[in-house]
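This report concerns only the one structure given below.
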Amino acid sequence: MVRLLAFALNASETLTFGRGLSATEDEADLQDLDATGSIERWIDVGLPDEKLIRRACNRSRHVMVLSYGGRTAEIWWQQTQGKVSGQKNLRVLSLSVEEGKALASLAARGMRLQCTIQDGVIWLGGDQGNIELAPRVLLSSDAP
245 MVRLLAFALN
255 ASETLTFGRG
265 LSATEDEADL
275 QDLDATGSIE
285 RWIDVGLPDE
295 KLIRRACNRS
305 RHVMVLSYGG
315 RTAEIWWQQT
325 QGKVSGQKNL
335 RVLSLSVEEG
345 KALASLAARG
355 MRLQCTIQDG
365 VIWLGGDQGN
375 IELAPRVLLS
385 SDAP
């Protein structure tokens, strides 16, 4: 569901999902390629290694990390922040534990979701209910 949220936050006609959890470190969870095949946008969810983040920043115009996991995510960011803060094309967002649980509550077989995003607030609605999310911006080095 977090990958789906990342897709909604970065939606474009050329945005595609990566192979998933079993993929190699050289592949983003989502990526957007330009007409030449270069990576325009690299998107990872979870708690990627700082080396992967730096490598993604060198290979792509824009990189976004959408972290989640409560205290574990906080510790990850404390350890990672100083190592990646100099990246000029990196944006890091964080979902709270409550937001992650609310997002998971929308998951259902054959689900259909409606999404509205405005001023950093995301409204998602479906048959299971409606939720409001406001991911916290941990780092925003680039515009998109």
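The numbering of the sequence shown is my numbering, which starts it at 245 and goes up by one. All C-beta atoms, glycine included, are put in the ideal place defined by N, C-alpha and C.
{"query": "Beta-ladder partner(s) of I283, from DSSP", "result": "L277 and S304"}
{"query": "CA-to-CA distance, I287 to L253, given in whole angstroms", "result": "10 Å"}
{"query": "The segment 342-356 / the segment 319-334 touching (three or more Cβ pairs under 8 Å)", "result": "no"}
{"query": "A272 to R303 span [Cα, whole Å]", "result": "11 Å"}
{"query": "Chain-order list of residues whose beta-carbon lies under 6 Å from that of T360 (same chain, five-residue window excluded)", "result": "W367"}
{"query": "For Q325, the first and last residue of its enclosing alpha helix (DSSP H)", "result": "R315 to V328"}
{"query": "Residue closest to N374, alpha-carbon to alpha-carbon, out of S385, S384, G364 and K345", "result": "K345"}
{"query": "When S340, M245, S282 and L350 are compared against R305, the one with the closest alpha-carbon", "result": "S282"}
{"query": "Nearest-angstrom Cα separation, counted from L274 out to F261", "result": "4 Å"}
{"query": "Separation of L350 from E294, as counted between CA atoms", "result": "31 Å"}
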